[in-house]
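Visitor:
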Amino acid sequence: MTQWIFSLALVACGGGDDNNTPTPDGPPTPTGLACEAITYCSTWSANSSTVTAPTDRGGTIADGIYRLERGTFAVQLLQFQGSRVNAIGDSFENRSGTYTTANGNISFSYDKRCEKSGTTTDTGSWTNRPYYVANTDTLLIAMADSGTGVVWYEYKRVAVDQICTENANVKCGVTNCSCAVATNRFGTVMSGVKSCSSQ
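Letter by letter, the sequence shown follows residues 1236 to 1434 in our numbering.
See the structure below:
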């Protein structure tokens, strides 16, 4: 079952100062983050191998862009800045809202959806998901549910210019390989066979 939070995974367009950094398992300081700050389109896939559940929980999520690399096929992005979060889809469409952490869990609350045609109100939430910051650049979230429990996703913090950089976990496995990133605007997804363009 697809959840918008999954389309999701980083200081994308510059970062906040220290006052915007959330405390471990505490409420982040409010700040602004445009829904279209970073937009993305890709036909790539992530490593769907099982991510072992961490024994620890919680931690400070540093501002930035986190690319989903293991746990499911979809290459999803999460952008954190202060208390705001963008779930960045792989077809130049985002959801934007806030996040909170408490007792080793993270909760997302979305208030808008934005794409090339405009921004609309679109509320939804994904709450009380166990999470763990393994190190400064690795974020683990129990983002999905299965018949046997939760499914953990592993995100890696990347710079904007690394979003479309392949590695051992994130790569193109199809013939119509495309990956494009735009800042403060939206690109184009061609009709038919997906072909991305940030122009």
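Even for Gly, the Cβ is constructed at its ideal location relative to N, Cα and C.
(1) Whole angstroms is fine: what's the gap from ARG1302's alpha carbon to SER1433's?
(2) Helix, strand or coil for VAL1416, going by three-state DSSP, please let me know.
(3) On the criterion of 16 or more Cβ atoms from any shown chain inside 10 Å, does GLU1389 qualify as buried, or is it exposed?
(4) Span of the beta strand (DSSP E) holding ASP1510?
(5) Alpha carbon to alpha carbon, what distance is there between ARG1364 and ALA1394?
(6) Compute the beta-carbon to beta-carbon distance between CYS1270 and ASN1329, rounded to the nearest angstrom, for a pair I have assumed lies under 8 Å.
(7) State buried or exposed for ASN1411, treating a residue as buried only when at least 16 other CB atoms are found within 10 Å of its CB.
(8) Helix, strand or coil: which one does DSSP assign to PRO1265?
(9) Taking contact to mean at least 3 C-beta pairs separated by less than 8 Å, is the segment 1398-1410 in contact with the segment 1367-1385?
(10) In its own chain, which residues sit with a C-beta less than 6 Å from the C-beta of THR1423, not counting the 5 before and 5 after it?
(11) With DSSP as the reference, please indicate the residues paired to ASP1291 in a beta bridge.
(12) Would you say GLN1314 and ILE1300 are within 7 Å of each other, going by their C-beta atoms?
(13) With DSSP run on the structure shown, which of helix, strand or coil describes THR1258?
(14) Taking Cβ to Cβ, would you say SER1413 is nearer than 7 Å to THR1278?
(15) When you compare the CB positions of VAL1386 and GLU1304, do they come within less than 7 Å of one another, or not?
(16) Does the beta-carbon of VAL1320 have 16 or more other beta-carbons within 10 angstroms, so that it is buried, or is it exposed?
(17) Measure the CB-CB distance between ASP1372 and THR1358 and report whether it falls below 7 Å.
(18) Measure how close the beta-carbons of GLY1294 and VAL1368 come, nearest whole angstrom, since I'm counting them as under 8 Å.
(19) Below 8 Å on the Cβ atoms is my guess for GLY1339 versus ARG1292; work out the distance and round it to an integer in Å.
(20) Can you grab the Cα-Cα spacing for the pair ASN1419 / VAL1310, in whole Å?
(21) Beta carbon of SER1283, beta carbon of GLY1408: below 7 Å?
Guide: Concretely, from the data shown:
(1) 18 Å
(2) strand
(3) buried
(4) Any property of residue 1510 remains undetermined from this structure, which presents the chain solely from 1236 to 1434.
(5) 25 Å
(6) 5 Å
(7) exposed
(8) Unreliable placement is indicated for PRO1265, whose pLDDT of 46 sits below 50; the coordinate value is still reported in the next sentence. In this structure, PRO1265 counts as coil in the three-state DSSP scheme.
(9) no
(10) SER1432
(11) In DSSP, ASP1291 forms no bridge with anything.
(12) yes
(13) Residue confidence is low: THR1258 scores 42 on pLDDT, short of 50, so the model does not pin down where it sits. No coordinate-derived value is stated.
(14) yes
(15) no
(16) buried
(17) no
(18) 3 Å
(19) 3 Å
(20) 20 Å
(21) no
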